Amino acid sequence: MKRVSTMDGNIPQSAYTLREVLDNIIIYVINPKTMKIIHANQHFKDLLKHDPTGSSCHEILAGRDKPCPYCSLGNVSSGERKASSLHYNEKFQKLYWFNNREIPFNDELLAFNIAIDITALEETRKELEETRDSFETLLDSLPQKIFLKDKDSVYISCNNNYAVEMGIKIENIAGKTDFDFYPEKLAKKYISDDKYIISTGKGIEAEEPYIKDGTKYWVHTIKQPVKDEHGNITGVIGIFWDITEAKQARFDLEKNQWELNFKNKLTNAFITIPDKDVYSSILAILMEAIRCKYGVFGYINESGDLVCPTMTREVWSECNIPGKDIVYPEETWGNSIWARSMKEKKVIYKNEKAKVPEGHIPIINAIAAPIINQGQVIGMFNLANKDTNFNEVDSRLLADLADYIAPILNARLVQGREEQRRLEAERDLDQTLKKLKASNQDLEQFAYVASHDLQEPLRMISSFTQLLAKKFQDIIDENAKDYIEFITDGTERMTRLINDLLQFSRISSRAKEFSRVNIQDILDIVKKNLSVQIDATGAKITSDPLPKLSGDETQLIQIFQNLISNALKFRGDDPPEIHVSSKEENGFWIFSIADNGIGIEKKDIGRLFMIFKRLHSRKEYPGTGIGLASCKKIVERHGGRIWVESEKDDGSTFYFSIPKYPQATD
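Numbering (our numbering), first residue to last: 4 to 669.
Right, dumping it as structure tokens:
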């Protein structure tokens, strides 16, 4: 038998029931002098499958031909008692609890041996030890801190991480209490939790503060009661881990979501709420965010003054200062908290009662934040009377919201200023147009009256000149005849100019209401009116199908007649070829009149439609310079425009547009 270790003699009794022990016990007696087995019980015989009586013990038990080197039979011979021990039998490959003691028999001492197979028990013990070691290794490898206390909140054991956290070795944790590791207040709380768990049998799970080296951390703690096999509570087991970073991340996330909610409210207010109410809404949102009762919002106008379009309703109703106004010139700002915040470009708060004029609402604390866009202060918020003191959290939050508002407010202010300028420009333009209209009406009336009054003197000059020429034709010389011809030619040109001027003035003053007009019929009328010139020049006039539209028939005839007449007048060496066409485009009829005439130089096109502007001398091409100006005025009255495309010596194409459903713009 190979010796493994020694054990206390009471192990078999604690490991087996009496019946199991008796059923598995091996009993044999050896004569220590001869080393022969002189007696063996039945269980030993059954194990060997034969009776070992008479055989040497070393042969039967160890398969040896001589005594075992560790044999203890000599102790029996000498009268020494041998304690119990464990032996591993290599022959049977089992572990036995072995006990031998001397017994007197017939005047000699015999060795009485008892052996019990504890192989299964030892294997179970080893498995339990291995499981315990593995469990302890697992506990020590966990990042969590784990501890075990008894019913009196005295530590029994812990894992390695808890011992390291407490600055103590694991073997020294037993017998300690929370007062050995924590500040008194915190230790009392932990022990109070233990008492609650032990008294109620209910566990505790919480996030709670934890102090280490004077620094506050947050831990997630779980404590549960420990029960024995009868369900009796014997202590408390606890586990906790550091959640400071996670809690801070969760706090930051909640804070960001909370801030995002207010930012969304601010954005929605700027987008959806009308101008007259938007600033009140913005102020209300900020007061909700900072939890204040009173507030004032202001922006800087183009003069550098502070304009306060809104205050808390209570401020307006309770403030009784005489001469209260919503515009504060910069020189009146003084050293108030909101003035300093704008000058210093930072959030400022005060948690003390402010000195205010009589009639002003009491101010117990206040915070002011400048609204800064691209380094320039464009406004401010001044909030007051929070139930608790203002702090750095409020300061950072208000600064963040002010930064968020800044570009939106700036865009709103720029838009407002541009809108104000636009309205002012529209008012100025409206006044100018009214003055211009009145001036044009006066001018047209003057032109009409002047033209009408000039016709009679011209007729008299022309008539009397003709009478003189007829009466004195026999006595006047050639020079006199030339003078008379000059007078007659001048009066004729003057008459044409007056007639054209009258027509120009009547475009607005004597215009007709629009009616349905067939442009093809108008072209036929124009060709008939110009038949003499058409025949004289050998002109060829063609056209595509032309539409019907609403307009002033007389004025439309005037447009086509002026443009075709010019095409006949400004012809080249070849007979004129004139083509009239139209097309529909974007709700307009676009008309074109193309010719093969002398064309127009690019530099002259810009002044072509100006009244009295002529591109040629009267000797080259007679005319008054009013025809194209009249065309432009007629087209504009119909809601369209007129233009020309031309190259010198390559003909011209005049275009003008008229809406399909025009409305007169007199």
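Ideal placement from N, C-alpha and C gives every residue a C-beta, glycine not left out. None of these values were measured; they are calculated from a predicted model.
In this structure, does DSSP put F659 in helix, strand or coil? strand
Would a C-beta distance cut-off of 8 Å place L533 and Q564 closer than the cut-off? yes
Indicate the three-state DSSP secondary structure (helix, strand or coil) for G419 in the structure shown. helix
Which same chain residues end up closer than 6 Å to K473 when comparing Cβ atoms and leaving out the 5 residues on each side of it in sequence? none
Delimiting residues of the alpha helix (DSSP H) encompassing N267: 247-275
Cβ neighbour criterion (16 or more within 10 Å) applied to Q558: buried
With burial defined as no fewer than 16 other Cβ atoms inside 10 Å of the residue's Cβ, what is the status of Y158: buried or exposed? buried
In the DSSP assignment, the alpha helix (DSSP H) including Q523 goes from what residue to what residue? 522-532
Bridge partners of T224, per DSSP? A209, F243
Is the CB-CB distance between T540 and R574 below 8 Å? yes
Which same chain residues, not among the five before or five after S320, have their C-beta less than 7 Å away from its C-beta? Confidence is the limiting factor: at S320 the pLDDT is only 48, short of 50, which leaves the residue's position unreliable, though a coordinate-based value still follows. None.
Could you give the DSSP three-state label for N162: helix, strand or coil? coil
If you drop the 5 nearest sequence neighbours on each side, which residues of the same chain put their C-beta closer than 6 Å to that of I41? V32, N34
Quick one: is F659 buried, meaning 16 or more other Cβ sit within 10 Å of its Cβ, or exposed? buried
Among W221, L400, M345, which residue has its Cα nearest to the Cα of E291? L400
When the Cα atoms are used, what is the spatial distance from F300 to I381? 11 Å
Beta-carbon proximity of I63 to H46, cut-off 8 Å: no
Return yes when the Cβ of L112 is within less than 8 Å of the Cβ of G238, no when it is not. no
Out of K258, N482, M383, which has the shortest C-alpha to C-alpha gap to L309? M383
Using the C-alpha atoms, what's the distance from P72 back to T56? 22 Å
What's the gap between the Cα of K215 and the Cα of G204? 29 Å
Quick check on the DSSP output: the alpha helix (DSSP H) that includes K630 runs from which residue to which? The identity of residue 630 in the sequence shown is Gly, whereas the question assumes Lys. Looking at the DSSP string, the run of the alpha helix (DSSP H) that includes G630 is 630-640.
Tell me whether E648 is buried or exposed, calling it buried when 16 or more other Cβ atoms sit within 10 Å of its Cβ. exposed
DSSP three-state call for P410: helix, strand or coil? helix
Range covered by the beta strand (DSSP E) that runs through Q379: 379-389
With DSSP as the reference, label C74 as helix, strand or coil. coil
Could you spell out the range, first to last residue, of the alpha helix (DSSP H) harbouring W341? 340-347
Tell me which same chain residues have a C-beta within less than 8 Å of the C-beta of T224, skipping the five on either side of it? I207, E208, A209, E210, E211, G241, I242, F243
Using the three-state DSSP reduction, which class does T56 fall into: helix, strand or coil? coil
Where do the N-terminal and C-terminal ends of the alpha helix (DSSP H) with N569 fall, by residue? 556-572
Can you tell me where the beta strand (DSSP E) holding T545 begins and where it ends? 543-546
Using only the heavy atoms of the ligand MN, determine whether one of them is closer than 7 Å to the beta carbon of L269. No copy of the ligand MN appears in this structure; indeed no ligand is present at all.
Between the alpha carbons of A414 and L404, how many angstroms are there, rounded? 16 Å
Could you pull out every residue in the same chain whose Cβ sits closer than 6 Å to the Cβ of T247, ignoring the five residues on either side in sequence? Y220, W221
Which residues share a DSSP beta bridge with R104? F115
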